[in-house]
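Quick notes on the structure that follows.
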């Protein structure tokens, strides 16, 4: 399948296709996080696979020190240009999540909007969380936001299309080999560009067991950005709060 995420996340169409994931969603989840854990101004937050920096921008505006990293230079440039706090209390790094490591310890580490499961092996997908034990403060918290695979499996929409900025976007979705695969065709200006996504499907029981094995205690599990209790059948998301043992 290759490194699909490099092509897709660097595409000019990526943020437009996911425009429905907007700042209001980010605000909801940020509010949930801040309502559940205690942070002091000047605490350090790590935004892992930060993308275009929606969450980094919110936390930086609240006077936390935020470090965001991502593999996509295109998305990091968007994050920098969209945030007045850049170079004041927000810092951005170009890095691969599998090999990212810090000497600095963080009070909060976030991995949000399914920025997870892109790699073929379980080891690679969980490598960051194994590494993060070394740069999480003693009482620090990790927040992990991922789709609920049980819900995805039963509610997957096989085909959809929409108009985005004058382009026709066609999306087909299927599951194969415990992965959800989306093919995206973008047509306009007499040409079609094709992209795809391939994300691993891990159910809630596996995730919780795996994080425990890695060395985390699970604090809370929610099913949406408003903080509703997680339900295996009906929750669209699984949002896990955890600390190291």
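In this note's numbering, the protein residues as written are 1460 to 1704.
Don't be surprised by glycine CBs; every beta carbon is placed ideally from N, CA and C.
Model, not experiment: these values are computed from the prediction.
(request) Just list the beta strand (DSSP E) runs in the segment 1488-1517, keeping only unbroken ones of 3 residues or longer that don't cross its boundaries, in chain order. (result) Listed in chain order, the complete beta strand (DSSP E) runs (minimum 3 residues) inside the segment 1488-1517 are 1503-1507.
(request) Return yes when the C-beta of residue 1689 is under 7 Å from any heavy atom of the ligand GTP, and no when it is not. (result) Questions concerning the ligand GTP fall outside what the structure shown contains, since it holds no ligand whatsoever.
(message) Applying the 10 Å Cβ sphere with the 16-neighbour rule, what's the burial state of residue 1516?
(response) Against the chain shown, residue 1516 aligns to sequence position 57. A buried status is given to residue 1516, since no fewer than 16 other beta-carbon atoms sit within 10 Å of its beta-carbon.
(request) Compare the C-alpha of residue 1563 against each of 1504, 1692 and 1602 and name the closest. (result) Taking the chain shown and counting its residues from 1, one reaches residue 1563 at position 104. The shortest C-alpha separation from residue 1563 is found at 1504.
(request) For residue 1657, count neighbouring Cβ atoms within 10 angstroms of its own Cβ and tell me buried if that reaches 16, exposed if not. (result) By 1-based counting over the chain shown, the position of residue 1657 is 198. Residue 1657 sits buried, since 16 or more C-beta atoms from the chains shown fall within 10 Å of its C-beta.
(request) Check whether the segment 1601-1608 touches the segment 1566-1575, counting contact only when three or more Cβ pairs, one atom from each stretch, lie closer than 8 Å. (result) Taking a cut-off of 8 Å for Cβ pairs, the segment 1601-1608 and the segment 1566-1575 touch, as three or more such pairs fall below it.
(request) Classify residue 1549 as buried or exposed, calling it buried when 16 or more other Cβ atoms lie within 10 Å of its own Cβ. (result) Residue numbering aside, residue 1549 sits at position 90 when the chain shown is read from its first letter. With 16 or more other Cβ atoms within 10 Å, it is buried.
(request) Would you mind stating whether residue 1631 and residue 1617 have Cβ atoms separated by less than 8 Å? (result) Here residue 1631 is taken as the residue at index 172 of the chain shown, counted from 1. Here residue 1617 is taken as the residue at index 158 of the chain shown, counted from 1. Contact annotation: residue 1631 and residue 1617 have beta-carbon atoms nearer than 8 Å.
(message) Quick check: residue 1468 and residue 1534, are their CB atoms within less than 8 Å of each other?
(response) Taking the first residue of the chain shown as position 1, residue 1468 is located at position 9. Taking the first residue of the chain shown as position 1, residue 1534 is located at position 75. For the pair residue 1468 and residue 1534, the CB atoms are nearer than the 8 Å cut-off.
(request) Could you tell me which of 1609, 1485, 1552 and 1653 sits nearest to residue 1466, measuring between CA atoms? (result) Translated into the one-based positions of the chain shown, residue 1466 becomes position 7. It is 1653.
(request) Name the two residues that bound the continuous alpha helix (DSSP H) containing residue 1679. (result) Residue mapping note: residue 1679 aligns to position 220 of the chain shown, counting from 1. For residue 1679, there is no enclosing alpha helix (DSSP H); the residue is found in the beta strand (DSSP E) stretching over 1675-1681.
(request) Determine which residues share a DSSP beta bridge with residue 1641 and list them. (result) Position 182 of the chain shown, counted from the start, is the residue given in the question as residue 1641. BP columns for residue 1641 point to 1632 and 1656.
(message) Using C-beta distances below 7 Å, list every residue in its chain close to residue 1638, excluding the 5 sequence neighbours before and after it, in chain order.
(response) Taking the first residue of the chain shown as position 1, residue 1638 is located at position 179. Close CB contacts of residue 1638 within its chain, under the 7 Å cut and outside five residues either way in sequence, are with 1657, 1658, 1659 and 1660 (chain order).
(message) Can you tell me which residues form a DSSP beta bridge with residue 1688?
(response) For this step, residue 1688 is matched to residue 229 along the chain shown. According to DSSP, residue 1688 bridges with 1681.
(message) Using CA atoms only, rank isn't needed, just tell me which of 1671, 1676, 1680 and 1693 is closest to residue 1612.
(response) For the purposes of this step, residue 1612 is taken as the residue at position 153 of the chain shown. Answer by Cα proximity: 1693.
(request) Check whether the Cβ atoms of residue 1464 and residue 1577 sit closer than 8 Å, and answer yes or no. (result) Stepping through the chain shown from its first residue, residue 1464 is reached at position 5. Stepping through the chain shown from its first residue, residue 1577 is reached at position 118. In this structure, residue 1577 lies closer than 8 Å to residue 1464 by Cβ.
(message) Please classify residue 1555 as buried or exposed, where buried requires at least 16 other C-beta atoms within 10 Å of its C-beta.
(response) Working through the chain shown from its first residue, we reach residue 1555 at position 96. Its Cβ having fewer than 16 others within 10 Å, residue 1555 is exposed.
(message) Is it the case that the segment 1638-1650 contacts the segment 1674-1694, given that we only count it when at least three CB pairs across the two stretches are under 8 Å?
(response) In this structure the segment 1674-1694 does not touch the segment 1638-1650; the number of beta carbon pairs closer than 8 Å is below three.
(message) I'd like to check one pair, residue 1666 with residue 1697: are the Cβ atoms closer than 8 Å?
(response) Translated into positions along the chain shown, residue 1697 becomes position 238. Translated into positions along the chain shown, residue 1666 becomes position 207. Yes, the pair counts as a contact, with Cβ atoms nearer than the cut-off.
(message) residue 1587 and residue 1507 - do their beta-carbons sit closer together than 8 Å?
(response) Position 48 of the chain shown holds residue 1507. Position 128 of the chain shown holds residue 1587. Closer than 8 Å, so yes.
(message) Below 8 Å on the Cβ atoms is my contact criterion, and I expect residue 1541 with residue 1512 to pass it. Report the Cβ-Cβ distance as a whole number of Å.
(response) Along the chain shown, one-based indexing puts residue 1541 at 82. Along the chain shown, one-based indexing puts residue 1512 at 53. So it is a contact: roughly 6 Å between Cβ atoms.
(request) Can you check DSSP and say which residues form a bridge with residue 1529? (result) Numbered from its first residue, the chain shown carries residue 1529 at position 70. Residue 1529 pairs with 1553.
(request) Could you check if residue 1552 is buried or exposed, using at least 16 other CB atoms within 10 Å of its CB as the buried criterion? (result) To locate residue 1552, count along the chain shown from 1; it is residue 93. With fewer than 16 other CB atoms across the displayed protein chains lying within 10 angstroms of its CB, residue 1552 is exposed.
(message) Taking its Cβ as the centre, do 16 or more other Cβ atoms sit within 10 Å of residue 1599, making it buried, or is it exposed?
(response) Within the chain shown, numbered from 1, the residue matching residue 1599 stands at position 140. Residue burial annotation: residue 1599 is buried, with at least 16 other C-beta atoms found within 10 angstroms of its C-beta.
(request) Excluding the 5 residues preceding and the 5 following residue 1589 in the sequence, name in chain order all residues of the same chain whose CB lies nearer than 6 Å to its CB. (result) By one-based count along the chain shown, residue 1589 stands at place 130. So the qualifying residues of the chain are 1673.
(request) Assign residue 1471 to one of three DSSP states: helix, strand, or coil. (result) Along the chain shown, read from residue 1 onward, the residue named residue 1471 stands at position 12. Taken through DSSP and simplified to helix, strand or coil, residue 1471 comes out as coil.
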